[in-house]
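Worksheet for the structure shown next.
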Amino acid sequence: MIILVVNAGSSSLKYQLIDMKNENVLAKGLCDRIGLPASLIKHKTFDGRSLEKEIEMPTHRDAIANLLKVLTNDEVGVIKSLDEITAVGHRVVHGGEKFFKSVIIDDEVMKTLEECAELAPLHNPPNITGIKACQQVLPNVKQVAVFDTAFHQTMPKKAYMYALPYEYYEKYKVRKYGFHGTSHKYVSERAALLLGKPIEELKIVTCHLGNGSSVAAVKGGKVVDTSMGFTPLDGLAMGTRCGSIDPAIVTFIMNKEGLTTEQMDTIMNKKSGMLAVSGVSSDFRDLDDAVEQGNERAALALDIFAYQVKKTIGAYACAMGGLDAVVFTAGIGENNSKIRKMICEGLEFLGISIEDEKNLKRGEEIDVSKEGAKVRVLVIPTNEELAIAKETQKLIG
Ligand code: ADP
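FYI, the numbering for the sequence shown is 0 to 396, going by numbering that gives the first Met the number 0.
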């Protein structure tokens, strides 16, 4: 079974074509600058062939049509005919309260997706456009929606409700949703496999640390709490996002600086976080370099980040009444051994203790904890595309 995985953004569309027989990525690529001048497609195949070409793509439908042409063409194609594609799995950012698992897309689902768009105005509309484009170009192929929020829908009400007037929940569905769910699910299931124990018996904290970062408490395979909230701005301080702050700061700064809601939104999402504290960069590699050169603000940014992850792990151990494993994943979690060490230091009282030499490894599945440590610390590269493909395969049977 061959599955096309699509992640559609407002002006870009990432794709992977996966052969589920052996979970091989046959090809992957990106349609960039959709609807803009000089749009281009970048494509790579499993056997090292590649293409980078400017192609006019005024709409997402053009992007899908072009990537399908590339998948079947003579030079860089990997399938003979589009009939070989059994299904398309779409990443959808927000499923609201309606979707607690992946679904096969039909008219009813499309209607509900449109209703959820208000909750993620930047992300869901392009996701929906991507689905519609695939429906038009591949009318006989089943389409599946896999939601970033779905895995977190098991949270109890005490974890997802905010202490705001109740009517805001009733009228606007203001509550914690959580994001990166596909990744948290994938790595928690891999962790159970690596530990050789049923997930139902495990208490795991999964740390997805990338440009956007979130932590989840996964008890018995179900999320009981997570750090992102109503939007992906909540929780940890991130590359350019401020994370949780005293909400009164928002109106205070807006009044002082005479800012509009849009301006304040941009400051909190794009001009805060590691970038703001360090004054150097949002990228942890740049921050590491700056620290080497003695930059104190870069060091402070890393300290803030590691401290916030550390105390979230502690809080979630309490929420679950224990802890069996901590998983690190995504760009920083998989590659940055220094941050992993900073996070784990001082958590020996919880049973966390990592082996420095093992911890230097990067980008591979590995248990970096000391022998005999009560809590296993695992590094597990996430693979959201494969997770989406697996969900799609499971649904279409
Ligand atoms: P996104 O949330 O955009 O998917 P990533 O998961 O790629 O982001 O994470 C980006 C962060 O991960 C950056 O701060 C970067 O420093 C770090 N990172 C990514 N790849 C590497 C690598 N190979 N080595 C060290 N750090 C990396």
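For every residue, glycine included, the Cβ atom is placed at its ideal position computed from N, Cα and C.
Please read all numbers here as calculations on a predicted model, not as lab measurements.
Contact test: residue i Cβ vs ligand 1 heavy atom, cutoff 7 Å
i, result
"ILE252", "no"
"ARG189", "no"
"ILE331", "yes"
"ASN294", "no"
"ARG284", "yes"
"GLY209", "yes"
"GLY238", "yes"
"ASN334", "yes"
For residue i, the first and last residue of its enclosing alpha helix (DSSP H)
i, result
"CYS30", "CYS30 -> not in any alpha helix (DSSP H); beta strand (DSSP E) instead, spanning 23-31."
"LYS141", "Premise fails: LYS141 lies in the beta strand (DSSP E), 141-146, not in any alpha helix (DSSP H)."
"ASN123", "123-136"
"LYS357", "355-358"
"SER187", "180-194"
"LEU385", "383-395"
"ARG339", "336-343"
"TYR168", "165-171"
"TYR159", "156-159"
Burial state of residue i (16 or more Cβ within 10 Å)
i, result
"ASN139", "exposed"
"SER281", "buried"
"ILE248", "exposed"
"GLY129", "buried"
"SER49", "exposed"
"LEU192", "exposed"
"CYS317", "exposed"
"PRO125", "buried"
"GLU383", "buried"
"PRO231", "buried"
"ILE338", "buried"
"ASP106", "exposed"
"SER80", "exposed"
"PRO164", "exposed"
"ASP366", "buried"
"HIS142", "According to the sequence shown, residue 142 is Gln rather than His. Looking at its Cβ environment, which holds 16 or more other Cβ atoms inside 10 Å, GLN142 is buried."
"ILE353", "buried"
Endpoints, the beta strand (DSSP E) within which residue i is located
i, result
"THR111", "Taken as a continuous stretch (DSSP letters only), THR111 belongs to no beta strand (DSSP E), being part of the alpha helix (DSSP H) at 106-115."
"TYR14", "12-18"
"ALA86", "84-91"
"ALA162", "Premise fails: ALA162 is in no beta strand (DSSP E) and is neither H nor E."
"LEU3", "1-7"
"LEU377", "375-378"
Within 8 Å, do at least three Cβ pairs link the region 306-322 to the region 284-295? no
Kindly provide the ranges of any alpha helix (DSSP H) runs that are 4 or more residues long and lie completely inside the region 36-77, ordered along the chain. Listed in chain order, the complete alpha helix (DSSP H) runs (minimum 4 residues) inside the region 36-77 are 59-71.
Taking contact to mean 3 or more Cβ pairs, one atom from each stretch, closer than 8 Å, check whether the region 206-222 and the region 234-248 are in contact. yes
May I have a chain-ordered list of the alpha helix (DSSP H) segments no shorter than 4 residues that lie completely inside the region 284-326? List check, alpha helix (DSSP H) in window: 295-319.
For the region 195-277, list the alpha helix (DSSP H) runs that are entirely contained and at least 4 residues long, ordered along the chain. 247-256, 260-269 and 272-277
Quick check: the region 50-65 against the region 115-122, are there 3 or more CB pairs under 8 Å? Result no; under three Cβ-Cβ pairs closer than 8 Å.
Measuring CB atoms only, is the region 0-19 touching the region 82-100, in the sense that at least three cross pairs come out at less than 8 Å? yes
Taking contact to mean 3 or more Cβ pairs, one atom from each stretch, closer than 8 Å, check whether the region 16-36 and the region 139-153 are in contact. no
Would you call the region 173-182 and the region 289-303 touching, i.e. three or more CB-CB distances under 8 Å? With contact defined as three or more Cβ pairs closer than 8 Å, the region 173-182 and the region 289-303 are not in contact.
Determine, using beta-carbon pairs with one atom in the region 194-206 and one in the region 343-350, whether at least three such pairs fall under 8 Å. no
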